[in-house]
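Colleague: Protein chains in written order, with our numbering: chain A, 4 to 323; chain B, 4 to 323; chain C, 21 to 320; chain D, 21 to 320.
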Ligand SMILES: [Zn+2]
Ligand SMILES: [Zn+2]
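1) Taking the alpha-carbon positions, what's the residue 238 (chain B) to residue 173 (chain B) distance?
2) Could you tell me which residues DSSP puts in a beta bridge with residue 202 (chain C)?
3) For residue 95 (chain A), would you say it is in contact with chain B, using Cβ-to-Cβ distances shorter than 7 Å as the test?
4) Buried or exposed: where does residue 316 (chain B) fall if 16 or more other Cβ atoms within 10 Å of its Cβ makes it buried?
5) Using a Cβ-Cβ cut-off of 7 Å, state whether residue 5 (chain B) counts as contacting chain A.
6) With residue 138 (chain B) as the anchor, note down where its alpha helix (DSSP H) starts and where it stops.
7) Put residue 183 (chain D) into one of helix, strand or coil per three-state DSSP.
8) By alpha-carbon positions, which one of B:24, B:64, B:49 ends up nearest to residue 37 (chain B)?
9) Since residue 123 (chain A) contacts residue 75 (chain A) with CB under 8 Å, what's their CB separation in whole angstroms?
10) Looking at the C-beta of residue 316 (chain B), does it have a partner C-beta in chain A at a distance below 7 Å?
11) Which chain G residues are close to residue 170 (chain A), counting only those with a beta carbon under 9 Å from its beta carbon?
12) If you draw a straight line from the C-alpha of residue 323 (chain B) to the C-alpha of residue 143 (chain C), how long is it?
13) How about residue 165 (chain A) and residue 118 (chain A): do their beta carbons lie closer than 7 Å?
14) Less than 6 Å between C-beta atoms, sequence neighbours within five positions excluded: which residues of the same chain meet that for residue 99 (chain D)?
15) Taking buried to mean at least 16 other C-beta atoms within 10 Å of its own C-beta, is residue 50 (chain D) buried or exposed?
16) Could you give the residue range of the beta strand (DSSP E) that holds residue 86 (chain B)?
17) What span of residues does the alpha helix (DSSP H) with residue 202 (chain A) cover, start to end?
18) Please list the terminal residues of the continuous alpha helix (DSSP H) segment that includes residue 108 (chain C).
19) Drop a sphere of 10 angstroms on the beta-carbon of residue 147 (chain A), count the other beta-carbons inside from all chains shown, and report buried for 16 or more, exposed for fewer.
20) From the DSSP secondary-structure annotation, give me the bridge partner or partners of residue 225 (chain A).
21) Where DSSP assigns a beta bridge to residue 91 (chain D), which residues make up the other side?
22) For residue 256 (chain C), is the beta carbon positioned less than 6 Å from some heavy atom of ligand 3?
23) Return the Cβ separation of residue 95 (chain B) and residue 46 (chain B) in integer angstroms, given the expectation that the two are a contact with Cβ distance under 8 Å.
24) With DSSP as the reference, label residue 316 (chain D) as helix, strand or coil.
25) Flag residue 291 (chain D) as yes when its Cβ comes closer than 6 Å to any non-hydrogen atom of ligand 1, and as no otherwise.
26) Does ligand 2 have even one heavy atom less than 6 Å from the beta-carbon of residue 91 (chain D)?
27) Just list the residues that DSSP pairs residue 24 (chain A) with in beta bridges.
28) Have a look at residue 306 (chain C) and residue 157 (chain C) and give me their C-alpha separation to the nearest angstrom.
29) Report buried or exposed for residue 313 (chain B), applying the criterion of at least 16 other Cβ atoms within 10 angstroms of its Cβ.
30) Which residues in the same chain have their Cβ closer than 8 Å to the Cβ of residue 116 (chain C), if we skip the five residues on either side of it in sequence?
31) Under three-state DSSP, which class holds residue 237 (chain D)?
32) Measure the beta-carbon distance from residue 67 (chain B) to residue 223 (chain B) and round it to whole angstroms, keeping in mind my assumption that it falls under 8 Å.
33) Using a Cβ-Cβ cutoff of less than 7 Å, which residues in the same chain neighbour residue 290 (chain A) once the five nearest sequence positions on both sides are dropped?
34) Pick from A:310, A:248, A:53, A:137: whose alpha carbon is nearest that of residue 292 (chain C)?
35) Whose C-alpha, out of A:149, A:162, A:145, is nearest the C-alpha of residue 180 (chain A)?
36) With a threshold of 7 Å between beta carbons, is residue 204 (chain C) in contact with chain B?
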C-alpha cells in the first residue's frame with residue numbers, strides 16, 4: 004500500500020507488500036488456498052513496518068508529514084464533521100483558496116472549522132498555491148473566527164502549511180501584520196479554540212491560526228520556527244543538510260510535548276496518516292471531541308484567562 | 004478678490020473689485036488721496052455682492068461649493084486645530100492620500116480628525132485622486148475612528164467629496180462593503196462624532212464618514228444622493244441640465260435643515276468660503292467647539308442611543 | 021401573429037452604450053433595463069442561452085433556465101413562495117406609503133405606475149414566516165418596483181424589520197434586489213436610509229442575532245452599500261450583477277472596456293465579499309442549514 | 021596604515037546573491053550583514069552616500085548622516101540615551117538569561133560572543149523612564165545581538181514589560197530592531213514568543229493603554245509579525261528594511277528582481293502599515309506629542 008508514492012526508507016516494505024498482493028491475486032485467480040504461505044509473509048511485513056516506522060529519523064518523519072497522499076484538510080473534514088458548509092472571503096480583498104473555512108457539525112455541536120488546503124494534483128496545487136495562504140487567507144480565517152465568537156461557536160483549526168508565503172504581493176498586503184493580528188485576536192476570543200497540526204507546522208504561517216486552548220499534533224507532524232532546509236542553508240550554507248537541521252530543531256511532536264508547547268500527540272496508523280486516512284481522522288476526532296467536551300463547560304472569560312496563562316508559560320530561560 | 008478664478012455670475016462684481024484695486028494702487032503710487040472717490044465704489048461693490056450672493060440658484064451654490072479655491076480639509080485643519088499630526092494607512096492594503104486623518108488639539112481637547120483632501124493643482128489632484136477615496140480610504144478613516152473610540156477621543160469628520168470613486172479597483176476592493184461597514188460601525192462608536200460638510204457632500208462617498216451625533220453644513224455646501232449631472236442624465240438624458248436637477252434635488256443646507264438631516268448651517272463669508280478661509284474656519288470652529296462642549300458630557304452608551312434615535316427619525320412617508 | 025412575437029425578448033442586462041462625457045464621480049445609479057425580466061407570456065426566451073421555454077415549466081423550475089441555469093429575476097411574492105413554508109408569511113408594516121417630500125418631477129406618477137405594474141405598494145415586502153419550520157424575519161425586495169430602489173419607505177420597512185427581529189430575537193434574512201440604489205426622487209432622505217438601516221444592523225449585531233443577506237440580480241448603489249453587504253453571511257444568486265457604482269458609469273469614467281465578469285456574483289466571491297454562490301434550487305435548504313448552525317429551529 | 025583602512029566600510033544592506041535553489045516557503049530568516057553597522061572607528065563611511073564622516077560629528081547628529089540623512093543602525097543604549105530624559109532609564113528584568121533548550125549547534129558560543137561584542141545580556145533592554153518628563157515603559161531591541169532575534173528571553177522581557185505597563189497603566193513604547201526574526205536556535209520556543217507577546221498586547225489593548233511601536237532597520241520575520249506590527253501607532257525610521265519574509269528568500273523563490281524600495285519604510289507607509297516615517301531628530305518629540313494626545317503627562 005505504497006499509495007503510488009514511495010519514500011526511500013519504506014522501499015523494502017513496499018516491495019514486500021506488493022509481493023503479498025501479487026500472491027493473493029494469484030491464489031484467488033487459480034482458486035488455490037495459499038493462506039499458510041501468505042500468513043508468515045504478512046507477519047514479516049508487519050514486523051518490518053514496525054521496525055522501520057518505530058525508528059524514524061526526524062527528517063524521515065518530515066517526509067511523511069509532507070507525503071503527497073497525506074490526508075488534506077478537506078479530506079479530514081469529510082471524515083470528522085457532518086454537513087460542512089464552506090464560507091468564503093475576507094470581506095475586503097479576495098477569497099484565498101489556500102485557506103478554507105466554514106461551518107460544520109461535530110457530533111451534534113456546531114463549530115467553525117478552518118485550515119489550509121493543499122492540492123492533490125498540480126492543477127489544484129496551483130489553484131490553492133500549494134496551501135500557502137496570502138494575507139487575505141489569514142484575514143478570512145480571522146473573520147470566520149470572530150464570527151464564531153459572535154455566535155458563541157467553538158473553533159477547530161487544522162494546520163498544514165509549509166510556512167508563510169515568500170512573495171512580493173504577500174508583503175505588499177501586509178502578511179506580517181495579518182499574522183500578528185491573528186495572534187493577538189485569537190488570544191482574546193471568548194470561545195473554545197482547538198488547533199491540530201496535521202502535517203507541516205511551518206513557522207509564522209502555522210502559528211497564524213494556531214493560538215488556542217488546546218494544541219495537538221499528529222504523530223508525524225512537525226512544528227518549527229523555520230523549515231529544515233532554511234535552517235540548513237543558514238547553518239551550513241547547504242540546504243541538502245536538511246536532515247541534520249531536522250534533528251537540531253527538535254520539532255517533532257514528542258519534543259513539543261516535552262516543551263509544553265502542545266497538549267497531546269494524536270497517533271497515526273503505522274507508516275503514517277496516508278496509510279489510513281479514515282483511522283487518522285477517527286483518532287483526531289476522538290481527541291478534539293474529548294477536549295471540546297471539557298472546554299465548552301468553561302465560561303468565555305475564564306477560557307481567555309487560561310489561554311493566556313498557557314501561552315505565558317512558554318519559553319525556557321535562566322537568571323543570572 | 005476673484006481669487007484667480009471667476010464664476011460666471013460674479014463677473015460683474017469681480018470686474019468692479021478689480022477697478023477699485025487699480026484705483027487704490029494708482030492713488031498710492033501717485034501719493035494722492037482718493038478716498039472720497041473710492042468709498043462710493045466700495046459701497047457699490049458691497050451692494051452688488053449682497054445682491055448677487057443672496058439670490059443664488061442651487062446650481063450657482065454648487066459652483067461655489069466646487070470652487071477650486073474653496074478651502075480644503077488641510078487648510079481648514081490648520082486654521083481650526085493645533086498641532087495636527089497625520090496618521091496614515093488602513094493597516095491592510097494601502098495608504099489612501101485622498102482621505103486624510105490624524106490627531107489634533109481643539110482648544111485643549113485631543114480629537115481625531117478625518118476628511119477628504121482635494122488637490123490645489125493638477126499634480127496634487129492626481130496624487131490625491133481629486134479627493135476621491137478608494138475603499139482603503141474609508142477603511143483608514145474607520146481605523147482612526149475606532150482608535151479614537153478606544154482612547155475615548157471625540158471625532159471630527161470633515162466631508163468634501165464629489166462622490167464614491169467610479170473605478171474598477173474600487174469595486175474590486177469592496178467599495179460598497181467599506182461604506183456600509185463605516186455606516187454600521189460609526190453608529191456604535193461610544194465617543195462624540197461631529198461631521199461637517201464643507202463643500203461637496205456627494206452620495207455614498209460623503210455618507211461614509213458622515214454618521215454622527217451632529218451634522219453641520221457650510222452655507223453653500225450641498226449634500227445629495229446623486230450628483231446633479233448624474234441626476235440630469237437620468238431624468239432628461241442630458242447632463243447639461245444639471246442646474247435644473249440641482250433645483251429638483253433640494254440638497255442645499257436650508258433644505259436639509261428642514262428635513263432634519265442636519266443640525267445647523269455654518270455661515271460663509273459673503274461670496275463663499277474661498278473669499279475668506281480664515282473667517283470660514285472660525286465659523287466652523289465656533290460651531291464644533293460649542294457642540295463638543297455638550298457632547299463630551301454625555302456618557303458613551305447614551306451618545307450611541309441618541310445617535311440611533313437621530314438616524315431613526317430620518318425619512319418622510321405616509322400610511323395607507 | 022407569428023409565434024416569435026409571443027415571446028418577450030428581454031435583454032439579460034442593458035447594452036453598454038459607447039462612452040459619452042461622464043458625469044463627475046459618485047453617481048450611484050445603474051443602467052435600467054427598459055423592460056422587466058419576469059416572464060409573463062406563454063413562452064419565454066432565456067436571457068442566458070436564448071432558448072424559448074414554456075413559461076409554466078420555467079415557473080416549476082423556480083424561474084431558472086433548465087438548459088443554461090440562467091436565473092431570471094423574480095418578484096417579491098414569487099421569492100417568498102419559493103423560500104417560505106406555504107402560507108407562513110405574515111406581512112408587517114404593509115401600510116407604509118411613499119410620499120413626495122421633494123416635489124420631485126414625475127415622482128408621484130412613477131410611484132403610481134410602479135404600484136400598478138408590480139401589484140406592490142413599495143419595492144420591498146417585509147414580515148415573518150417559517151422556513152423548514154424555523155421562524156424568521158424576512159424582507160424581500162422587488163426589482164420591478166422602481167428598479168428596487170430605496171426611499172424612505174424601503175428604509176423604514178427594513179429598519180422596522182430589523183427592530184422587530186431585535187425584539188423577538190428572530191433571525192433575519194433579507195433578499196436584496198435593488199439595482200436602483202438609493203432612490204434619487206427622495207434626494208438625501210434616501211441616502212439617509214443607508215445610514216438608518218446600517219445603524220439598526222449595528223444593534224442587531226451587538227445583540228448577536230444572525231442576519232443572512234441574499235444578493236440577487238441586480239443589487240447596486242445605496243442598497244449594496246448598506247444593509248445588503250452587512251450580512252453575517254452573504255449569499256449570491258448565480259449570474260447576478262452586484263456592485264456599488266454601475267458598470268456604465270464606470271465605463272464612461274475610465275473609458276475602457278470592463279473586464280468580463282465584472283461585478284458578477286463570481287467576481288464578488290473571488291474578491292472576498294460573498295460567502296457563497298447558491299443556486300436558487302438550493303437557496304431554501306442552504307438558509308435552513310445556516311439557521312440550524314446558529315441554533316435556530318433547535319439544532320441539527 | 022593608510023587612512024582608508026581606519027574606516028569601517030559597512031554595507032547598507034547585504035548584497036543580494038544570484039538565485040540558488042530556494043528552500044520551500046516560510047523561511048523567516050533574513051540576510052545577515054557580516055558586520056554590524058554601528059560606527060566604532062574614528063571615521064565612518066556612510067552606507068547611504070559613501071561620505072566619510074568624523075564619528076564624533078555623526079554621534080552628535082544622532083548617527084544620522086549629515087549629508088544624505090542615512091540613518092545608521094544604533095545600539096539599544098544609544099537609542100535609550102537619545103529618547104529618554106537623561107538618567108531616567110531604570111532597567112527591568114535584567115537578570116533573564118538565554119539558555120540552550122534544544123542543545124542547538126553552536127548556540128551557547130554564539131550567545132557568549134554576542135554578549136561580549138554588544139555588552140548586552142540579550143537582544144533587548146526593557147525598563148521604565150521619562151520622555152520629556154512623561155513616564156513610560158520602554159523596550160529597545162539591539163540588532164547587534166544575534167541580529168536582534170527573539171528567543172525565550174526577548175519574548176519574556178517584552179511580555180513582562182507589557183504586563184508591567186498593564187499593572188501601572190504606563191504607556192508602552194517598543195523600538196524594534198530585529199532582522200533575525202524568531203531565533204532559530206531556540207526552535208519552536210522562539211515561535212511561541214510571537215504568540216506570547218501578541219497575547220499580552222491583546223490584554224493591554226483591552227485595558228486601553230497606548231502602545232507605540234517604532235520600527236527601525238532591520239525588523240523582519242517573527243519580530244515583525246508579532247509585537248512590532250501591533251502598535252496603536254506605528255512609526256518607522258527612514259530607510260529601514262521592514263517586512264516579514266527576507267528579500268533574499270523572496271528573490272530566490274520568485275526568481276525575479278525585487279522592485280526598488282521593496283520593504284522600505286516608504287513601502288510600509290504606502291502599503292498602509294505605518295502611521296508615519298519620522299526622522300530620528302524628530303522621534304523623541306513625536307513620541308512626546310503622541311503621549312500627550314493620549315493624556316499622558318497631563319495633556320497639552
Ligand atoms: Zn437559458
Ligand atoms: Zn550619507
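Glycine included, every Cβ here is placed at the ideal spot set by N, Cα and C.
Modeller: Considering the structure as presented:
1) Computed Cα separation, rounded: 26 Å.
2) The partner list for residue 202 (chain C) (beta bridge, DSSP) reads C:170.
3) Yes, residue 95 (chain A) counts as interfacial toward chain B.
4) Under a 10 Å Cβ-count criterion, residue 316 (chain B) is classified as exposed, with fewer than 16 other Cβ atoms of the shown protein chains found around its own Cβ.
5) Residue placement at residue 5 (chain B) is flagged as unreliable, the pLDDT there being 39, under the threshold of 50; the coordinate-derived value follows with that caveat. With 7 Å as the cut-off, residue 5 (chain B) does not count as an interface residue toward chain A.
6) Per DSSP, residue 138 (chain B) belongs to the alpha helix (DSSP H) from 138-153.
7) For residue 183 (chain D), the secondary structure class from DSSP, reduced to helix, strand or coil, is helix.
8) Here the closest residue by C-alpha is B:24.
9) Rounded to the nearest angstrom, the Cβ distance from residue 123 (chain A) to residue 75 (chain A) is 7 Å, consistent with a contact under 8 Å.
10) No, its Cβ sits nowhere closer than 7 Å to a Cβ of chain A.
11) Of the protein chains in the structure, A, B, C and D, none is chain G.
12) Roughly 15 Å separates the two Cα atoms.
13) Taking 7 Å as the Cβ cut-off, residue 165 (chain A) and residue 118 (chain A) do not qualify as a contacting pair.
14) 160, 195, listed in sequence order.
15) With a pLDDT of 41 at residue 50 (chain D), under the threshold of 50, the modelled position of this residue cannot be trusted; read the value that follows with caution. Classified as buried, residue 50 (chain D) has 16 or more neighbouring CB atoms from the shown chains inside 10 Å of its CB.
16) Its beta strand (DSSP E) spans residues 85-89.
17) Run containing residue 202 (chain A): none in the alpha helix (DSSP H); it sits in the beta strand (DSSP E), 196-205.
18) In the DSSP assignment, residue 108 (chain C) falls outside any alpha helix (DSSP H), carrying neither H nor E.
19) That one is buried.
20) In the DSSP output, where bridge partners are listed per residue, residue 225 (chain A) has A:203, A:255.
21) BP columns for residue 91 (chain D) point to D:84.
22) As presented, the structure is devoid of ligand 3, carrying ligand 1 and ligand 2 as its sole ligands.
23) Contact doesn't hold; Cβ gap of about 58 Å is too wide.
24) Shown here, residue 316 (chain D) sits in coil according to DSSP, grouped into three states, outside any helix or strand.
25) Result no, Cβ not under 6 Å from ligand 1.
26) It does not: the Cβ of residue 91 (chain D) is nowhere closer than 6 Å to a heavy atom of ligand 2.
27) DSSP, once it has assigned bridges, lists no residue as partnering residue 24 (chain A).
28) When rounded, the distance between both Cα atoms is 16 Å.
29) Buried, since its Cβ has 16 or more Cβ neighbours within 10 Å.
30) Correct list, in chain order: 141, 142, 173, 176, 177.
31) Correct three-state label for residue 237 (chain D): coil.
32) Indeed, because the Cβ distance is near 4 Å, the residues count as touching under 8 Å.
33) Within the same chain, residue 290 (chain A) has close Cβ partners 219, 267, 269.
34) Among A:310, A:248, A:53, A:137, the Cα nearest to that of residue 292 (chain C) belongs to A:137.
35) Nearest option by C-alpha distance: A:145.
36) Nearest CB-CB separation between residue 204 (chain C) and chain B: below the 7 Å threshold.
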